[in-house]
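Quick note, the sequences are listed as chains A and B, same order.
Residue numbers in the first sequence follow UniProt numbering, run continuously in steps of one, and reach 129 at the last position.
Residue numbers in the second sequence follow UniProt numbering, run continuously in steps of one, and reach 129 at the last position.
Cβ coordinates follow ideal geometry from the N, Cα and C atoms, glycine included.
Number of protein chains: 2
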Amino acid sequence: MAYCWEHRLSRSNPRVLNTLERAGGFASAQEIYRLMQREGESIGLTTVYRSLQSLASEKIVDILRRDDGEAIFRLCGGAHHHHLVCKGCGDTVEIEGGEVEKWAKVIAEEYGFRDVGHTAEIFGLCEKC
Amino acid sequence: MAYCWEHRLSRSNPRVLNTLERAGGFASAQEIYRLMQREGESIGLTTVYRSLQSLASEKIVDILRRDDGEAIFRLCGGAHHHHLVCKGCGDTVEIEGGEVEKWAKVIAEEYGFRDVGHTAEIFGLCEKC
DNA sequence: AGCATAAATGAAAATGATTTTCATTTTCAT
DNA sequence: ATGAAAATGAAAATCATTTTCATTTATGCT
C-alpha cells in the first residue's frame with residue numbers, strides 16, 4: 001500500500017515567501033537570508049535557496065538577473081515595477097513601467113514568443129550627485 | 001614633458017574579438033577561452049575577461065546573461081537597440097525600443113536625473129522551443 | 001640603439017553566489 | 001507510537017569572475 005507524501009509541509013517556504021513580500025517583492029536569496037537573520041528567524045542559507053527554487057517551479061516567484069549576474073526573485077502577480085538607479089549614490093526609486101509592459105507584449109507577439117518576461121532599468125545621476 | 005600612451009596596442013583585443021566573431025558572435029568568456037586554447041592560441045583566461053570588458057565599454061560587444069547567470073558576450077551592430085532573447089535556445093533578435101527611449105526620458109526628467117541611460121530586454125520562448 | 005615608463009599580460013589566489021553532500025530532524029499516514 | 005520519505009542546515013564543493021602581483025611588452029624620448 002503506497003504511502004501518500006503529497007501533503008508534506010515545509011516550514012520554510014511560507015516564511016521565505018513572507019520575507020520576500022515584506023522586502024518589496026523583489027530581492028536576492030542572500031538578501032532574504034540576511035533579512036531573516038536580522039529578524040531573528042532561524043533558517044539556513046541552503047534552505048532559503050531551496051525554498052526559492054521550489055517557489056519558482058510553482059510559478060509563485062520569477063527569477064531575474066541583476067547586471068552582475070546575481071539572481072533576484074520577484075513575486076509573480078505582485079506589483080511589477082522597474083527601477084531608476086543613481087550611478088553616483090546608488091539611490092533607487094521604484095517606478096511604473098506601463099509603456100514598457102505594452103512594448104514588451106507587442107514585440108513578443110510580433111515575433112511569436114510566449115511565456116514572456118522582461119527587464120528594464122534606468123540609470124543616471126540624481127540631483128544630489 | 002608628459003608622455004602620450006594613448007596608442008598602446010593590445011595584442012589580445014583583436015584576437016578575442018576575432019574569436020567571438022568566428023564563434024557566431026555569441027559566446028561566454030569561458031567558451032572563447034577554450035576555443036582559443038583548442039586552436040593553439042596563447043592567451044590567459046584573465047586576459048580574455050579583460051578584453052571582453054574593454055570591448056564592452058567601447059560598445060563593440062553587448063553583455064547578456066544566460067539563465068544560469070553566466071555572462072554571454074555578443075557582437076553588437078553599434079546602434080542602440082534592445083534584445084528579444086529565447087530562454088530555450090538563446091536565439092536573439094535585435095529590436096527597436098522607441099517607446100522605451102521615450103519612457104526612460106520622461107521618467108528621468110520627472111525625477112530630475114541627468115546623464116541617463118537604460119537597459120531593457122525581453123525574454124521568453126520562441127516558436128521552435 | 002638604449003633607456004624609462006606605463007600599460008598589458010597571465011598564473012595563482014581570492015571572492016562570492018549557488019549547489020552538493022550528508023547526517024540529523026521533522027512530518028504524517030498508518 | 002512507528003517508519004518511510006521529505007525537509008533542514010552546516011560544511012564542503014563548484015564555478016564564473018575578479019584581484020593581486022610579478023613579469024613582459026610597447027612606445028616615446030634621447
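Sequence-distant residues of the same chain with beta carbon closer than 6 Å to residue i, five excluded per side
i	result
alanine 56 (chain A)	Ile63
histidine 118 (chain A)	Ala104
histidine 83 (chain B)	Thr92, Glu121
valine 85 (chain B)	Thr92, Phe123
Local Cβ density within 10 Å of residue i, reported as buried at 16 or more and exposed below that
i	result
glycine 124 (chain A)	buried
alanine 120 (chain B)	buried
histidine 80 (chain B)	exposed
threonine 92 (chain A)	exposed
Sequence-distant residues of the same chain with beta carbon closer than 8 Å to residue i, five excluded per side
i	result
serine 10 (chain B)	Ser51, Ser54
tyrosine 33 (chain A)	Ile43, Leu45, Val48
serine 29 (chain B)	A quick correction: the sequence has alanine, not serine, at residue 29 (chain B). Contacts found: Leu45, Val48, Tyr49, Leu52, Ala71, Phe73.
Own chain residues within Cβ distance below 7 Å of residue i, not counting five before or after
i	result
methionine 1 (chain B)	Low confidence applies to methionine 1 (chain B): its pLDDT is 47, below 50, so where it sits in the model is not reliable, and the reading given next is rough at best. Closer than 7 Å at the Cβ level, and outside the excluded window around methionine 1 (chain B), lies no residue.
serine 12 (chain B)	Ile43, Thr47, Ser51
phenylalanine 113 (chain A)	none
Rounded distance between the beta-carbons of residue j and residue i, thought under 8 Å
i	j	result
residue 176 (chain B)	leucine 35 (chain B)	Not covered by the structure: residue 176 (chain B). The range shown for chain B is 1 to 129.
glycine 25 (chain A)	leucine 75 (chain A)	4 Å
Span separating the alpha-carbon of residue i from that of residue j
i	j	result
proline 14 (chain B)	glycine 98 (chain A)	42 Å
threonine 46 (chain B)	alanine 27 (chain B)	16 Å
glutamate 127 (chain B)	leucine 17 (chain A)	33 Å
lysine 59 (chain A)	glutamate 96 (chain B)	29 Å
glutamate 109 (chain A)	arginine 22 (chain A)	34 Å
aspartate 115 (chain B)	valine 100 (chain A)	21 Å
residue 130 (chain A)	glutamate 94 (chain A)	With chain A represented from 1 up to 129, any question about residue 130 (chain A) goes unanswered, as that position is not in the structure.
lysine 87 (chain B)	tyrosine 111 (chain B)	34 Å
residue 130 (chain A)	glutamate 31 (chain A)	Lying outside 1 to 129, the shown extent of chain A, residue 130 (chain A) is not represented and no answer is given.
alanine 71 (chain B)	alanine 71 (chain A)	13 Å
Measuring CB atoms only, is the region 65–77 of chain A touching the region 96–113 of chain A, in the sense that at least three cross pairs come out at less than 8 Å? no
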